[in-house]
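Numbering (my numbering), first residue to last: 4 to 356.
For glycine and all other residues, C-beta sits at the position ideal for the given N, C-alpha and C.
For clarity, every value in this text was computed on a predicted model and none was experimentally measured.
The structure appears right after this line, and notes come after that.
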Amino acid sequence: MSDRNKPIIGITLGDFNGIGPEVILKTFSDNRMMEFCTPVLYGSSKIINYHRKILNLGNFTFAQSRAIDRIQLNTFNIVNIWEDDPMVQLGVSNEMGGKYAFLSIQAAVNDLKEKKIDALVTAPINKKNIQSENFQFAGHTGYLAQQAGTENYCMMMCSNEMRVGLVTEHIPVSEIAQLITKEKILKKLQILKKSLTEDFGIDKPKIAVLSLNPHAGDDGLVGKEEIDIIRPALAETKSKNIFALGPYPADGFFGSANYKKFDAILAMYHDQGLVPFKALCFDSGVNYTAGLPFIRTSPDHGVGYDIAGKNIAREDSFRSAVYLAVDILRNRSEYGERTSNPLKKAELAKEGH
């Protein structure tokens, strides 16, 4: 975290034809949010004024500039990163929505990498209309990992009720089994454990690992991935100082509320983890990319074309994404303080007795 009193949180605009601008404005129309951070939106004041008018938020004020080093602290900021005045077509997926969503992401990530902002909260994009020569990914996560120069990350859904990490993400169901390996499971568990400890302040976290097949494969009757891949991965966790149990069949695991006994869950594929997560935590869930050198969160919903401009989108998840980014910044800072120079701390502790 920077040496400012409050963190500077970068925010991307998302697809401006969707509900991204609405949930951003609704979140920060509550001035109490400025007690936690200084928000900086990368986009266009013209776009925000358009949405502000539709939402009847005439009292919403902001500062605007053309660079991050000119922002005002303790208020909502907009960094204008384009001169154009693109037409907003609420509820419509088009090339313009994707083009400007990418420009917002690109500018924010550049400042994030240069540590000019402390964390990033991304508004929803349309994964199809954003595709271009500069963005050929299934979502934010792949782009951010490329920009960070790493392949070691884990998509993680977070709420007060549960945290779910994924072994595989946005891939066809037909390809899931062939992409699950012992090495990949172990890598995701290592990332989860590190994140739970450093980002969430959990000492000695407990992780549940789900099975791939129904009934955990029934001893090979309905699939051998549990025998050949998942259990061997779990057998190696002890030597890596990871407390992980499983594999648990997903239906019984969530149906019995067994998830409440664990600090996180590792699901084998997207819908296995996200269906129960969103059923239980949709309004407050947050998408977090664990394992990156910087912090990025986002709400757990999409662009919402069907409700764009109707002033009915709920901002709960976006607000939770801001809170989580601030919490992780604090937890990382506290973890760094706890683990820096442990020998000196031990000596001071002895002197105190």
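Residue burial classification, residue i (beta-carbon count within 10 angstroms, cutoff 16)
i, result
"Arg-69", "exposed"
"Arg-35", "exposed"
"Ile-232", "buried"
"Pro-42", "buried"
"Leu-199", "buried"
"Thr-153", "exposed"
"Lys-29", "buried"
"Thr-300", "buried"
"Leu-106", "buried"
"Asp-266", "buried"
"Leu-351", "Because Leu-351 sits at a pLDDT of 47, beneath the cut-off of 50, its placement in the model cannot be relied upon, and the following sentence gives the value as read from the coordinates. So Leu-351 ends up on the exposed side."
"Pro-235", "exposed"
"Asn-62", "exposed"
"Gly-100", "buried"
"Ile-174", "exposed"
"Glu-228", "buried"
"Asn-216", "buried"
"Gly-258", "exposed"
"Thr-342", "exposed"
Nearest candidate by alpha-carbon position, reference residue i, set the options
i, options, result
"Val-325", "Asp-18, Met-37 and Asn-20", "Met-37"
"Asp-309", "Phe-203, Asn-163 and Gly-21", "Gly-21"
"Tyr-338", "Gln-181, Asp-202 and Asp-266", "Asp-202"
"Val-167", "Gln-275, Asp-286 and Ser-259", "Gln-275"
"Val-170", "Asn-62, Cys-161, Lys-185 and Ile-51", "Lys-185"
"Arg-73", "Pro-89, Ile-57, Ile-11 and Leu-28", "Ile-11"
"Lys-241", "Gln-149, Asp-303 and Lys-196", "Lys-196"
"Gly-23", "Tyr-272, Leu-58 and Asn-8", "Leu-58"
"Pro-250", "Asn-244, Ile-210, Phe-285 and Val-278", "Ile-210"
"Lys-1", "Arg-322, Leu-237 and Gly-226", "Only positions 4 to 356 of the chain appear in this structure, which leaves residue 1 out of reach."
"Ile-331", "Ile-27, Lys-263, Gly-17 and Cys-40", "Cys-40"
"Val-289", "Met-165, Ile-128, Phe-79 and Lys-9", "Met-165"
"Lys-207", "Ile-27, Ala-316, Ile-245 and Gly-305", "Ile-245"
"Tyr-103", "Lys-190, Ser-135 and Leu-224", "Ser-135"
"Asp-33", "Lys-56, Ala-328 and Phe-79", "Phe-79"
"Ser-96", "Ala-148, Ala-151, Asp-18 and Tyr-156", "Asp-18"
"Lys-119", "Phe-297, Leu-327 and Asn-129", "Phe-297"
"Asp-286", "Leu-277, Leu-269 and His-304", "His-304"
"Thr-125", "Leu-327, Asn-77 and Glu-98", "Leu-327"
"Lys-243", "Lys-131, Lys-130 and Lys-190", "Lys-190"
"Asn-334", "Thr-64, Leu-147 and Ile-205", "Ile-205"
"Leu-295", "Ser-320, Asn-261 and Leu-123", "Leu-123"
"Thr-292", "Lys-281, Ala-316, Ala-260 and Gly-142", "Gly-142"
Simplified DSSP state of residue i, which is helix, strand or coil
i, result
"Arg-317", "coil"
"Ala-141", "coil"
"Phe-39", "coil"
"Thr-125", "strand"
"Leu-248", "strand"
"Thr-30", "helix"
"Leu-192", "helix"
"Asp-6", "Annotation note: pLDDT 43 at Asp-6 (below 50); position unreliable, coordinate value reported separately. Of the three classes helix, strand and coil, the one that applies to Asp-6 here is coil, per DSSP."
"Leu-182", "helix"
"Ile-14", "strand"
"Gly-46", "strand"
"Gly-94", "coil"
"Gly-223", "strand"
"Ser-259", "coil"
"Gln-275", "helix"
"Asn-334", "helix"
"Asn-52", "helix"
"Ser-135", "coil"
"Phe-19", "coil"
"Gly-204", "coil"
"Ser-343", "coil"
"Phe-105", "helix"
"His-218", "helix"
"Leu-351", "For Leu-351, the predicted model reports a pLDDT of 47, less than 50, meaning its position is unreliable; a value from the coordinates is still stated below. Helix."
"Asp-254", "helix"
"Glu-154", "coil"
"Lys-118", "coil"
Residue-chain proximity (residue i, chain B), Cβ-Cβ < 8 angstroms
i, result
"Ile-14", "No chain B is part of this structure, which consists of one protein chain only."
Assumed close pair residue i, residue j - CB separation to whole angstroms, cut-off 8 angstroms
i, j, result
"Leu-192", "Ala-247", "6 angstroms"
"Ile-50", "Val-91", "7 angstroms"
"Ile-84", "Ala-110", "5 angstroms"
"Gly-13", "Tyr-45", "6 angstroms"
Residues bridged to residue i (per DSSP)
i, result
"Arg-166", "Cys-161"
"Ser-68", "Val-82"
"Asn-290", "Met-160 and Ser-301"
"Ala-267", "Ile-210"
Residue i Cβ short of 7 angstroms to the ligand NAP heavy atom set
i, result
"Ile-233", "With respect to the ligand NAP, the structure offers nothing, as it holds no ligand at all."
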